[in-house]
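Structure first, commentary second.
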Amino acid sequence: MSYRIAQDFEYVGKDYWRWWSWIEGDGAELDIVKEVAWILHPSFKRTRIVATQRSNNFRLQTAGWGTFQLRAEVLLADGEKRLLKHNLRLEYPESSEANAPPRPTVSAPAPRPLTAFLSYSALDSRQAAKLREGFENLGIKILDQTRVVAGEPWSEGLQRMIAQSDAVVGLVSEDDISPWVSTEIQAAVSLGKPALVLAPAGVSTAGLPSDVRPLQVDLNRLDPLKIAELLYSLNRD
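According to the UniProt record's numbering, the sequence shown is numbered sequentially starting from 1.
Here you go:
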């Protein structure tokens with residue numbers, strides 16, 4: 001089957017576009033589609049929108065200020081699912097193209113992408129690297145211990161980045177929480193930053209501030225998109 005995502009857009013001014021997308025395929029293929037779940041960038045208030053109208057090819061219509069990878073889960077009548085991906089295309093009108101600024105790489109109603117500080121011990125550096133890559137692919141700017149400026153005192157560099165962040169994400173995989181992770185989470189809380197701690201079930205988080213509740217996850221199977229949705233939700237609260 002040759003399902004694919006098609007899209008179009010309209011520039012409305014001030015670096016903002018209306019855009020819409022739909023599913024293409026031959027008539028018989030579309031007739032056996034039950035619904036399409038559109039998956040948007042995590043900065044959208046609704047990140048998953050289900051379309052059920054065959055008459056308009058399961059159309060999605062929304063607006064935003066930049067590009068990202070749009071995904072669609074196509075559910076067929078027999079229960080089979082197909083995952084489609086499409087890099088959203090937005091362009092300025094030809095008359096303004098020469099003077100147009102570079103397009104942002106995130107499409108959302110939010111004024112800017114999220115910046116998050118990633119707190120972890122050496123034990124969790126591999127999982128942190130995977131999560132960092134996933135976040136950056138979603139347009140989230142990540143600050144962590146690898147970004148300390150050469151010659152800058154370590155603790156001052158970490159405090160500076162925590163202050164610059166919108167939220168802090170901590171990884172905890174052992175009962176004896178790293179003093180650095182504990183200190184960084186406490187610093188985030190003291191600055192009024194949302195703090196999201198990821199820890200496996202059964203791991204003690206006694207070293208964390210009392211108002212921080214860990215989210216039970218498998219650190220080896222982290223889903224950056226779902227975690228990003230939580231971060232954006234925390235920043236809207």
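Beta carbons: idealized from backbone N, C-alpha and C, even for Gly.
7 Å Cβ cutoff met for residue i and residue j
i	j	result
E24	A6	yes
L90	F68	no
W20	Q53	no
V181	S233	no
W17	N57	no
D166	L114	yes
S215	L171	Correcting the residue type first, residue 215 is Leu in the shown sequence and not Ser. The answer is no: Cβ separation not under 7 Å.
M161	L143	yes
I39	R71	yes
A77	I49	no
A128	E73	no
Opening and closing residue of the beta strand (DSSP E) in which residue i lies
i	result
A6	R4 to Y11
Q61	L60 to G64
T115	T115 to S119
L30	Unbroken run through L30 is the alpha helix (DSSP H), G27 to D31; no beta strand (DSSP E).
Contact belief for residue i with residue j at Cβ below 8 Å, rounded distance in angstroms
i	j	result
V203	S173	7 Å
P194	N235	6 Å
L222	K130	7 Å
Buried versus exposed call for residue i [16 or more other C-beta atoms within 10 Å across all chains shown]
i	result
R132	buried
L196	buried
S43	buried
E152	exposed
W154	exposed
E229	buried
K226	exposed
Q145	buried
Cβ neighbours of residue i in the same chain (closer than 6 Å, five flanking residues each side left out)
i	result
D15	W65
Q186	P209
G134	P224
Spatial neighbours of residue i in its chain, beta-carbon cut-off 8 Å, leaving aside the 5 residues before and after
i	result
A201	Q216
S190	none
E184	F117, S119, L158, I162, V168 and G170
N- and C-terminal bounds of the alpha helix (DSSP H) containing residue i
i	result
E184	P179 to S190
G134	S125 to N137
G170	Where G170 is concerned, there is no enclosing alpha helix (DSSP H), although the beta strand (DSSP E) it sits in stretches over A167 to L171.
L158	W154 to Q164
E174	Counting along the chain, E174 falls outside any alpha helix (DSSP H), and DSSP gives it neither H nor E.
Test: residue i CB closer than 7 Å to a CB of chain B
i	result
V169	The structure shown has no chain B; it contains just one protein chain.
Other residues of its chain near residue i: CB distance less than 7 Å, five sequence neighbours each side excluded
i	result
V149	G157
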